[in-house]
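First residue of the sequence shown: 98, per our numbering; consecutive thereafter. Some notes on the structure that comes next.
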Amino acid sequence: MINKSFENAKEQSKSLENDLYKNPQKYRVLTGDRPTGNLHLGHYFGSIINRLKLQSLGIETYILLADYQVLTDRSVFNEISKFTYELTLDYLACGLDPENYKTHIFPHSHIPELNQLTIPFLTLVSSSELIKNPTVKEEITASGLSNINAGMYIYPVHQAADIFFCKSNVVPVGKYQLSHIELTRKIAKRFNTKFNKNIFTEPVAFFTDTPIILGLDGIQKMSKSRNNSIKIKSTADETAKLRKSAKTDSNRYISYDPENRPEVSNLLKLASLCSNKSPTDIADKIGDQGSGKLKQLTAEAINTYFDHIRKKRIELEKNKDYVRDILLKGISKAREIAIGTLSEVTEAMNMKI
């Protein structure tokens with residue numbers, strides 16, 4: 098059933114992608130991250146590049162920093178504000194540009210009208226739908242927590258509020274977030290039916306051909322929490338040092354074989370993404386020079402590619418007020434939209450005074 102849903106969603110996404118280029122004015126995108134650490138190379142090639150493409154098309158894009166969501170599976174919260182600032186620095190350094198495009202960056206904790214939408218939405222889903230949500234179950238397992246708070250179970254509904262406050266109709270996701278989008282679509286349909294008002298459009302999941310970047314362990318996906326990543330902001334020396342610690346194998350002859358040589362192939366993929374050369378061509382160039390040469394070339398490719406981004410980030414770090422101003426403008430815009438949406442919802446529920 099999940100595979101069938103995924104195939105159907107992929108077909109929808111393909112049709113959507115074609116129309117995004119033709120009619121960008123029809124669409125509004127909601128995407129975001131949790132402020133739990135800096136962005137790494139997996140984020141950049143997995144999502145930032147796609148956000149830059151959407152931005153260049155002139156599509157209005159809301160980039161949400163899900164700071165409330167950090168409370169669902171963390172016991173330490175003293176760095177939420179720090180990483181809200183750090184992520185915004187990463188976004189701006191990578192080229193996301195609220196000043197010249199329809200891009201808005203904001204933490205959702207500062208949008209009370211958005212969060213208020215969660216309450217009526219919770220009445221539209223059953224407890225079993227939340228408990229059985231496959232993504233929630235995976236998140237609970239990954240968290241390693243023995244005591245699960247209610248926030249963990251209801252955060253897919255909170256995500257629906259994130260999407261609907263700005264009436265987003267496009268949400269970039271990976272395969273494993275599809276269950277959240279399906280629940281969001283159900284909430285839209287149920288709200289419109291229950292209150293006999295056509296307020297919400299069912300959003301479409303937008304899948305892109307994003308590569309999965311493995312971490313330095315060569316086994317698991319690159320992740321902030323697994324300590325197996327290279328940050329976008331890492332210095333050239335830090336990148337070279339981290340690459341030396343990357344796992345490979347004992348075969349000196351370098352070849353691109355993702356199935357049988359995942360660690361080596363992951364380094365080749367990274368070098369390829371950063372150099373615009375195919376993984377096979379890079380492997381052929383290295384030949385029998387071994388993993389040391391592969392790591393060297395990969396570090397050089399990463400450092401060359403990210404050099405201008407890192408330099409821009411250093412300059413932005415000197416102007417904290419500018420970064421804060423970007424967030425305040427994003428909050429102002431998001432609240433303006435959220436107030437209008439909440440007003441419509443309140444009227445539909447016959448709660449206006």
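All C-beta atoms, glycine included, are put in the ideal place defined by N, C-alpha and C. Since the model is a prediction, treat every value here as computed from it, not as a measurement.
query                                                                                                                                                       : result
Please name the residue or residues paired with ARG432 in a DSSP beta bridge.                                                                               : Looking at the DSSP assignment, ARG432 forms no beta bridge with any residue, so it has no partner.
Specify the secondary structure class of GLU176 as computed by DSSP and reduced to three states.                                                            : coil
Near PHE261, what residues of its chain come up, given a Cβ to Cβ distance below 6 Å and the 5 sequence neighbours on each side ignored?                    : PHE297
Pull up the distance between the alpha-carbon of THR133 and that of TYR188, whole angstroms please.                                                         : 15 Å
Helix, strand or coil: how does DSSP classify PHE142 here?                                                                                                  : helix
Taking the C-alpha atoms as reference points, what is the distance between MET98 and GLU104?                                                                : Here the model assigns MET98 a pLDDT of 49, short of 50, so the residue's position is not dependable, and the following value carries that caveat. Straight-line Cα distance between these residues: approximately 10 Å.
Which one or two residues does DSSP pair with VAL267 in a beta bridge?                                                                                      : VAL126 and VAL301
Over what stretch of residues does the beta strand (DSSP E) that includes THR158 continue unbroken?                                                         : 157–162
If you count every other CB in all the chains shown that lies within 10 Å of the CB of HIS255, and 16 or more means buried, which is it?                    : buried
Which stretch, first to last residue, makes up the alpha helix (DSSP H) that contains ASP217?                                                               : Looking at the sequence shown, residue 217 is not Asp but Pro. 209–219 is the extent of the alpha helix (DSSP H) around PRO217.
In angstroms, rounded to a whole number, what distance separates the CA positions of ILE251 and ILE208?                                                     : 18 Å
Across the segment 427–446 and the segment 350–364, are there enough close Cβ pairs to call them in contact, namely three or more that are closer than 8 Å? : no
What is the DSSP secondary structure of THR181, counted as helix, strand or coil?                                                                           : helix
Restricting to Cα atoms, I'd like to know which of THR128, ILE383, GLY315 and VAL173 is closest to PRO462.                                                  : No answer is possible for residue 462: the residues shown for the chain start at 98 and end at 450.
Helix, strand or coil: how does DSSP classify THR332 here?                                                                                                  : coil
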